[in-house]
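Trainee: Let me give you the structure first, and then I'll get to my questions.
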Amino acid sequence: MAIYGPIRERTLHKSSSWRTLSDFATGEEIFYKLRQLQKAISQQDALVGLSTVWKSLPTKANREIQKLEQEVRLLILNVTKEHSRGSSNEDDDCIKTKHNGLLRSIVNSARHCPASYRGSAEDYIVDNCKSIYFAGHETTAVTVTWCLMLLATHPAWQDRARAEALEVCRGGTELDVDVLRRLKTITMVIQETLRLYPPGSLIMREALKDFKFGGLDIPRGTIIQTAIPMLHLDKDVWGQDAGEFQPDRFANGAAAACEPSHMYLPFGHGPRICAGQNLAMMELKVVLVRLLTKFSFSRSPGYRHAPLFRLTIEPGFGMPLVVTKLP
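Numbering (my numbering), first residue to last: 12 to 338.
And the structure:
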């Protein structure tokens with residue numbers, strides 16, 4: 012069974028909660044356009060194609076990217092306008108649902124954009140909605156996929172994780188925050204998966220002023236890029252088994268897994284760290300518990316291991332696994 016596509020589609024339905032429910036087809040169209048945009052950007056040189064100068068060149072690839080960006084922008088703004096019209100009707104049950112809360116929050120925040128934000132209110136809305144689609148959907152889907160591949164490859168760890176999941180779910184226990192905190196083995200599996208296949212594999216920052224970094228002079232406006240996989244696979248930091256799946260390295264938590272601790276960056280670091288990291292970890296735990304208590308997973312003979320950079324690190328030839336329903 013090819014699992015990556017179904018997992019991605021399932022998380023789409025769960026993550027698109029900002030959209031107005033009156034037109035789910037629009038949400039799917041935005042998702043489809045964003046997938047095209049993600050693919051178009053990743054087909055360029057990852058270390059050049061995202062730079063401001065490169066994006067301004069009139070290449071065929073850049074024209075396609077600009078076209079997709081404009082289409083996504085119009086779709087998102089149309090949803091926003093629909094939401095604004097509907098919110099004026101206090102009797103509209105749709106507006107009263109929690110599903111519109113996030114979009115409403117974004118629209119309200121756009122009226123008071125931070126002083127550091129360089130764009131317009133519409134830019135603010137579009138940027139945040141795109142981030143929700145990407146960070147709240149794509150990264151979760153791809154991490155679950157890699158988790159299942161690694162557990163299928165290492166059946167002993169799959170057995171340990173399943174035993175823990177079954178123990179937690181005994182008697183129909185509800186998966187609340189306190190229960191999820193007790194999932195030590197599954198947490199280690201997720202953390203090790205994020206180390207080997209970090210969904211956000213490239214961090215980019217712009218220097219806001221001239222500064223020195225070691226012996227280098229970094230002028231203002233320089234784009235500084237950090238390739239997360241290079242840090243996560245550094246043998247000087249993680250040991251000679253850096254390329255191997257060893258969840259036990261996180262037995263004492265992420266902070267104690269390596270020295271220095273900021274060499275582990277699945278969610279970034281510092282003031283710009285991912286705001287949704289705790290939600291992401293809870294989502295991943297819930298999904299794995301549900302899957303491991305119902306199915307077993309093994310590698311398909313047709314699986315070809317080819318991690319591919321498309322802004323996230325995803326399986327280049329899909330993820331075919333043998334999925335067996337448990338008795």
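For glycine and all other residues, C-beta sits at the position ideal for the given N, C-alpha and C.
Taking the alpha-carbon positions, what's the LEU319 to LEU45 distance?
Mentor: 17 Å
Trainee: Nearest by alpha-carbon distance to MET199: which of PHE224, PHE222, GLY264 and THR150 is it?
Mentor: GLY264
Trainee: DSSP three-state call for ILE284: helix, strand or coil?
Mentor: coil
Trainee: Given a threshold of 16 other Cβ atoms within 10 Å of its Cβ, counted over all protein chains shown, does HIS123 qualify as buried or as exposed?
Mentor: Burial state of HIS123 is exposed, judged by a 10 Å Cβ sphere holding fewer than 16 other Cβ atoms.
Trainee: State whether the stretch 204-212 contacts the stretch 143-163, with contact taken as three or more CB pairs (one from each stretch) at a distance under 8 Å.
Mentor: The answer is yes - the stretch 143-163 touches the stretch 204-212, with three or more Cβ pairs under 8 Å.
Trainee: First and last residue of the alpha helix (DSSP H) that includes LEU68?
Mentor: No alpha helix (DSSP H) contains LEU68, which DSSP labels as neither H nor E.
Trainee: Compare the C-alpha of PHE308 against each of GLU294, MET293 and LEU332 and name the closest.
Mentor: Cα-wise, what sits closest to PHE308 is LEU332.
Trainee: Assuming contact is defined by CB atoms lying nearer than 7 Å, are LYS246 and ALA253 in contact in what I supplied?
Mentor: Contact: yes.
Trainee: Where THR196 and ALA268 are concerned, what is the direct C-alpha to C-alpha distance, given to the nearest angstrom?
Mentor: In this structure, the straight-line span from the alpha carbon of THR196 to that of ALA268 is close to 15 Å.
Trainee: Residues in the same chain with beta-carbon distance under 6 Å from ALA218, minus the five sequence neighbours each way, listed in chain order, please.
Mentor: ILE229, ARG231 and THR233
Trainee: Looking at PRO277: is its Cβ nearer than 7 Å to the Cβ of PRO209?
Mentor: Against a cut-off of 7 Å, the Cβ pair of PRO209 and PRO277 comes out as a contact.
Trainee: Could you tell me whether the Cβ atoms of ILE76 and ALA51 are closer together than 7 Å?
Mentor: yes
Trainee: In the stretch 117-169, which residue ranges form an unbroken alpha helix (DSSP H) of at least 4 residues, counting only runs that do not cross its ends?
Mentor: 132-144 and 150-164
Trainee: In the DSSP assignment, what are the bridge partners of GLN236?
Mentor: MET215
Trainee: Please classify LEU322 as buried or exposed, where buried requires at least 16 other C-beta atoms within 10 Å of its C-beta.
Mentor: buried
Trainee: By Cβ distance below 6 Å, which residues in the same chain neighbour ASN139 in space, the five residues on each side in sequence not counted?
Mentor: ILE117
Trainee: Could you say which of ASN89, ARG310, CYS180 and ARG129 lies nearest to HIS165 if we only look at CA atoms?
Mentor: ARG310
Trainee: Could you check the C-alpha separation between PHE306 and PHE261 for me, to the nearest Å?
Mentor: 25 Å
Trainee: Going by C-alpha distance, which of ASN89, LYS92 and SER53 is nearest ASN73?
Mentor: Ranking ASN89, LYS92 and SER53 by Cα distance to ASN73 puts SER53 first.
Trainee: Using DSSP's beta-bridge definition, name the partner residues of PRO210.
Mentor: In DSSP, PRO210 forms no bridge with anything.
Trainee: In the DSSP assignment, find the unbroken beta strand (DSSP E) run with LEU227 in it and report its ends.
Mentor: Membership of LEU227 in the beta strand (DSSP E) is indicated by the continuous run 227-229.
Trainee: Please report the residue range of the alpha helix (DSSP H) in which LEU191 lies.
Mentor: 188-192
Trainee: Roughly how many angstroms lie between the CA atoms of PRO338 and PRO258, to the nearest whole one?
Mentor: So the two alpha carbons sit approximately 28 Å from each other.
Trainee: Hey, LEU79 and GLN49: beta-carbon distance below 7 Å or not?
Mentor: no
Trainee: Three-state secondary structure (DSSP) at ASP321?
Mentor: Per the sequence shown, the amino acid found at residue 321 is Arg instead of Asp. Note: ARG321 maps to strand in three-state DSSP.
Trainee: Under the three-state reduction of DSSP, which class applies to ARG310: helix, strand or coil?
Mentor: strand
Trainee: Compute the Euclidean distance between the alpha carbons of GLN81 and TRP249, then round it to the nearest angstrom.
Mentor: 43 Å
Trainee: Taking only three categories from DSSP, how would you classify ALA176?
Mentor: helix
Trainee: Give me the Cα-Cα distance between LEU303 and ALA176, rounded to the nearest whole angstrom.
Mentor: 7 Å
Trainee: Mind checking which residues open and close the alpha helix (DSSP H) that includes ALA305?
Mentor: Note on identity: in this sequence residue 305 is Lys, with Ala being the wrong assignment. Note, LYS305: premise wrong, no alpha helix (DSSP H); not H, not E.
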